[in-house]
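In my numbering, the protein residues as written are 2 to 155.
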């Protein structure tokens with residue numbers, strides 16, 4: 002009886018530790034959450050911080066600050082998901098993972114816009130044993146959003 006009580010207490014303590022740990026998911030799940038958070042009613046320039054690398058998040062926030070300061074477009078002049086200023090993504094969006102190393106890779110997203118096949122890639126990184134995060138968007142035409150954001154304001 003005494004050993005059982007000890008095991009129950011240890012089990013409860015471990016359960017609390019597991020619940021307190023961040024909910025890391027597979028790269029495709031992170032990519033899907035990022036896509037859903039930055040389309041529709043979401044905001045590309047204000048994604049949930051847990052989904053983006055610190056550097057990419059800083060670049061996106063910098064673009065938002067520039068747009069507010071300039072009261073208009075700064076460096077991003079089109080929707081990276083559409084590689085254009087308008088259009089609609091036709092479901093379904095299909096996700097596939099391409100691992101480059103234990104801490105880097107790409108999620109390929111395939112979907113259609115105006116019945117044309119699109120391929121957008123999300124560069125993914127993780128620090129040590131941390132969670133995967135989006136580090137860049139490579140548009141259908143191959144443009145890097147991080148490189149676009151690094152350009153001086155016209």
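All C-beta atoms in this analysis are idealised placements derived from N, C-alpha and C, irrespective of residue type, glycine included.
Cβ atoms of residue j and residue i: under 7 Å apart, would you say?
i, j, result
"residue 132", "residue 25", "yes"
"residue 54", "residue 136", "yes"
"residue 31", "residue 52", "yes"
"residue 115", "residue 88", "yes"
"residue 38", "residue 49", "yes"
"residue 76", "residue 138", "no"
"residue 146", "residue 28", "no"
"residue 105", "residue 126", "yes"
"residue 83", "residue 65", "no"
Bridge partners for residue i per DSSP, in chain order?
i, result
"residue 137", "124"
"residue 98", "108"
"residue 85", "80"
"residue 118", "113"
"residue 90", "114"
"residue 145", "139"
Say whether chain C places a C-beta atom closer than 7 Å to the C-beta of residue i.
i, result
"residue 93", "Protein chain content of the structure displayed is limited to a single chain, and chain C is not contained in it."
Give a yes or no on contact between the segment 119-134 and the segment 40-49, applying the rule of three or more CB pairs nearer than 8 Å. Judged by pairs of C-beta atoms under 8 Å, the segment 119-134 does not touch the segment 40-49, as fewer than three such pairs exist.
Any chance the segment 131-146 sits against the segment 86-93, with 3 or more Cβ pairs inside 8 Å? Result no; under three Cβ-Cβ pairs closer than 8 Å.
Report the start-end ranges of each alpha helix (DSSP H) in the segment 28-79 that is 4 residues or longer and not cut off at the edges. As for any alpha helix (DSSP H) of minimum length 4 sitting wholly inside the segment 28-79, the runs are 28-39 and 55-71, ordered along the chain.
Could you tell me whether the segment 97-104 touches the segment 69-80, using the rule of 3 or more Cβ pairs below 8 Å? In short, these stretches do not touch, since the Cβ pair count stays below three.
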